[in-house]
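The sequence shown maps to residues 1 to 659 in full-length UniProt numbering.
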Amino acid sequence: MRCSDVLPDHFTVPMVASSYAHLMMVQDGTSLHGLVSKCGLFGCNSAVGSSFVSLYSRCGLMRDACLVFDEMLVRDVVAWTALVVGFVHNGESEKGLRCLREMMLHGVDSERPNSRTLEGGLLACGDLGALSEGRCLHGFVVKTGIGCEQVVQSSLLSMYCRCGVLQEAYQSFSEVINKDLVSWTSIIGVYARFGMVNECVWLFWKMLENQVDPDGIVLGCILSAFGYSVNEYEAKAFHGFIIRRHYIHDDVVHNSLLFMYCKLGMLTLAERLFNNCQHSPECWNYMVNGYGRIGNNTKCVELFREMHYLGIDSESTNIVSAIGSCAELGQTNLGRSIHCNAVKGFMDANVLVANSLIQMYGKCGKMTYAWKVFKRLDKDVISWNTMISAHIHVKDYKEATNLFNKMINEGHKPNTATFAIVLSACSHIASLEEGERVHRYINERGFELNLPLGTALVDMYAKCGKLEKSRQVFDSMKEKDIVCWNAMISGYGMNGYAESALDIFKHMEKSNVKPNGVTFLGLLSACAHAGLVEEGKHLFAKMPCYSVEPNLKHHTCMIDILGRSGNLQDAEALVLSMPIHPDGGVWGALLSACKTYNQVEMGIRVAMYAIESEPENDGYYMMMANMYSSIGRWEEAENVRRTMKERCSLGKKAGWSVL
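Structure (structure tokens):
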């Protein structure tokens, strides 16, 4: 046609421009645009301008599309739609939504949005999470009667699903007449995002009943929901269904199964899948995160190192898992190596990675490195919380409170976790003044007294000796868990109010809160300090009723109770009947009681048991030698000291008196 010197008209141009758009032939499209401009076809028909808006939009040249649109003398719905959809498809949903608003304000029938325009607008709302705008468009759809069109129904469903509004999403899904795979995937996907596995499975069976065959994406949605489930049996049953229907070879399904088992902590099954597939980067990342999640730190680090050796890129969550494992294992050097690799890969600026590095260096006692990371970081509230926690871990409680004050002074907003952490520091150093300042700040800023924060205040006031304030906070709390009850019981116990501790325990039992080992440890400790022998015996005997197995600390407290009251025979019998091996605390409590009540023979006998149990503990030898010396058995005392010197490589000669 060009060779024949025949010029295109307003019928030819849109068809050719549309072909160029589909083939992404932008240079040819630009040449055609130049020819059309020379021929003066722009003013004669809106279809010509609309075709070039669509061409440039499809090719990602939104600036050129806007220039063409602005030059158009006559605009119709096609031109507006091309611009709206172009913005949305090119990742500029906000501009697309703004363009749609401007279109609707014109109010001209020829420029009224059609189903294609609304599809673009609803897609933009989904991208931006603009629920109120989406609802307005839904209202327009109902008012104009466009809502019965399939494309609009699907777009409404997609928008509500992406905004995470379950009720309206399901209502839109119910209104879709011809539910295709995309519709089913959208509704199942939104329930999966909230971990509602039962609803996902129910919808899936309904989908099969409607003769819609699933694909890897919808199966992946359901498997991801199973990752948040506690029903391992159903998860494995669904895996069986996938095998029977031969979906197992789909890469999306395989990766989703691996994710599910890693999320559930079923690493044996995850390993089996991992070993029988081509290892994609996603698979490696799932496995590293899975091992980190279940606390298998050695395996987590080994797999991460293997990944690095093979040159596989790591995700931020993967690096976080590996760094966390290094912290638990105390492998600072390996953690620093991961830190170096993160710097090389420009991942050190990632706030998740940086926060995990601060935590690792804090746990390993390398605060200089923690500070280097912290100072370079664009900090969020979790960064501040992690740094304060790191100081608490290394027992630098004063610096932890100073850091909190710095955070406030620099205008950063703390959250309830920040308060709980800094109150823990105040508790350790019994800093009532600092703790009260934090409490005032909480009240002034109107923070809700949630469970962790309330418990932290109860503990802080109790450890600072302000039991009235502690009880006041305790009573004001709407809900209390076992940690909160334990804090109040321990607070009374450590301040010498054993009767009050026992009274709180009775209230706890009436509230149907099941005590744990910490509860009984606080109660037994309170009884030991107050000399409440019978109460202590009763509590110790009561522990199995709550399925609490007494540990070494419980036995130590009980022996202390019996020893302080002079019941040495019962104390010795308890030690000898212990189902677990006694440690230094147990023997020390009994030996101390023997010394207090001058029970030398028993003390020597107990010391022999203790030495047999821990032959390297020089303290037992010294106590035994001193007991022999106290009754004039100097030769035995010297023999014990000699044995101690041989076994412990430590000798402490007692002074000899000539008097």
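C-beta atoms are modelled at their ideal positions from N, C-alpha and C, and glycine is treated no differently.
Contacts around K395, its chain only, beta-carbon distance under 8 Å, and the 5 residues preceding and following it disregarded: Contacts found: H428.
With S500 as the anchor, note down where its alpha helix (DSSP H) starts and where it stops. For S500, the uninterrupted alpha helix (DSSP H) segment begins and ends at A498 to K510.
Closest by CA to F419, which one among F540, H439 and V84? Ranking the options by Cα distance to F419, first place goes to H439.
Closer than 6 Å by C-beta to S555: which residues in its own chain qualify, once you throw out the five before and the five after it? Chain order, please. Sequence check: residue 555 is His here, not Ser. The residues M578 and V586, in chain order, have a CB closer than 6 Å to that of H555 in the same chain once the five nearest residues on each side in sequence are set aside.
Leaving out five residues on either side along the sequence, give the residues of the same chain with a beta carbon under 6 Å from the beta carbon of L352. Cβ neighbours of L352 beyond the five flanking positions: S316 and V320.
Would you call A654 buried or exposed, if buried means 16 or more other Cβ atoms sit within 10 Å of its Cβ? Summary for A654: the model assigns pLDDT 47, below 50, so the residue's position carries little reliability; its value from the coordinates is reported in the next sentence. Exposed is the call here.
Classification of F241 by the beta-carbon crowding that lies within 10 angstroms, buried from 16 upward: Its Cβ having fewer than 16 others within 10 Å, F241 is exposed.
Would you call K652 buried or exposed, if buried means 16 or more other Cβ atoms sit within 10 Å of its Cβ? Unreliable placement is indicated for K652, whose pLDDT of 46 sits below 50; the coordinate value is still reported in the next sentence. Taking all protein chains shown into account, K652 has fewer than 16 neighbouring C-beta atoms within 10 Å of its C-beta and is therefore exposed.
Would you mind stating whether K363 and H391 have Cβ atoms separated by less than 9 Å? Between K363 and H391, the CB-CB gap reaches or exceeds 9 Å.
Buried or exposed by the 16-neighbour rule on C-beta atoms within 10 Å, applied to A430: So A430 counts as exposed.
N415 to D481, Cα distance in whole Å? Each residue's Cα considered, the two are about 21 Å apart.
Nearest-angstrom Cα separation, counted from V230 out to V197: Each residue's Cα considered, the two are about 10 Å apart.
Residue range of the unbroken alpha helix (DSSP H) whose run includes F226: Taken as a continuous stretch (DSSP letters only), the alpha helix (DSSP H) holding F226 covers G216 to F226.
Would Y361 pass as a contact of T332 if the rule is Cβ separation under 9 Å? A contact, by the Cβ cut-off of 9 Å.
Delimiting residues of the alpha helix (DSSP H) encompassing residue 661: Past the edges of the chain, shown from 1 to 659, lies residue 661, and the structure says nothing about it.
CB-CB under 6 Å to V88, same chain, minus the five flanking residues each way: which ones, in chain order? So the qualifying residues of the chain are G96, G120, L123 and A124.
Which word fits V201, buried or exposed, when buried means at least 16 other C-beta atoms lie within 10 angstroms of its C-beta? With at least 16 other beta carbons inside 10 angstroms of its own, V201 counts as buried.
Out of curiosity, what's the CA-to-CA distance linking R244 and F238? C-alpha separation (whole angstroms): 10 Å.
So is N285 buried or exposed if we call it buried at 16+ other beta carbons inside 10 Å? Buried, since its Cβ has 16 or more Cβ neighbours within 10 Å.
Residue nearest to N516 in terms of C-alpha spacing, selected from A530, Y546, Y492 and G536: The residue with the shortest Cα to Cα distance from N516 is Y546.
By Cβ distance below 7 Å, which residues in the same chain neighbour C161 in space, the five residues on each side in sequence not counted? Counting only Cβ-Cβ distances below 7 Å, and skipping sequence neighbours, we find A169, S186, I187, G189 and V190.
Along the alpha helix (DSSP H) that carries Y261, what are the first and last residues, could you check? Per DSSP, Y261 belongs to the alpha helix (DSSP H) from D251 to L264.
Helix, strand or coil at R193 according to DSSP, with G and I counted as helix: Here R193 carries a helix assignment [DSSP, helix/strand/coil].
CA-to-CA distance, C426 to D583, given in whole angstroms: Their Cα atoms are separated by approximately 31 Å.
Please classify R641: is it buried, with 16 or more other beta-carbons within 10 angstroms of its beta-carbon, or exposed? Buried.
For N495, I'd like the list of residues in its chain whose CB is within less than 8 Å of its CB, leaving aside the five on either flank, ordered along the chain. Within the same chain, A462, G465 and L467 come within 8 Å of N495 by CB-CB distance, once the 5 residues on both sides are set aside.
What would DSSP say about I421, mapped onto helix, strand or coil? I421: helix per DSSP, three-state reduction.
In the DSSP assignment, the alpha helix (DSSP H) including C136 goes from what residue to what residue? Counting along the chain, C136 sits inside the alpha helix (DSSP H) bounded by residues L131 to T144.
Suppose you measure from the CA of L659 to the CA of D560; what does that come to, to the nearest Å? Any reading at L659 must be qualified, since the residue scores a pLDDT of 40, below 50, and its modelled position is unreliable; the value itself is stated next. Cα to Cα, the separation comes out at about 36 Å.
What's the C-alpha gap between E71 and L61? Roughly 16 Å between the two C-alpha positions.
Exposed or buried, what is H106 when buried is set at 16 or more other beta-carbons lying within 10 Å of its beta-carbon? Exposed: under 16 other Cβ atoms inside 10 Å.
Extent of the continuous alpha helix (DSSP H) to which L590 belongs: Element bounds for L590: G584 to T596.
R101 versus G134 - alpha carbon distance: Taking the straight line from one Cα to the other gives about 12 Å.
Is the Cβ-Cβ distance between L591 and Y620 less than 9 Å? In this structure, L591 places its C-beta atom within 9 Å of the C-beta atom of Y620.
Would Q153 be called buried (16 or more neighbouring beta carbons within 10 Å of its own) or exposed? Around the beta carbon of Q153, 16 or more other beta carbons sit within 10 angstroms, so the residue counts as buried.
Taking C-beta to C-beta, are L377 and A342 nearer than 9 Å? Cβ distance not < 9 Å, so L377 and A342 don't count as in contact.
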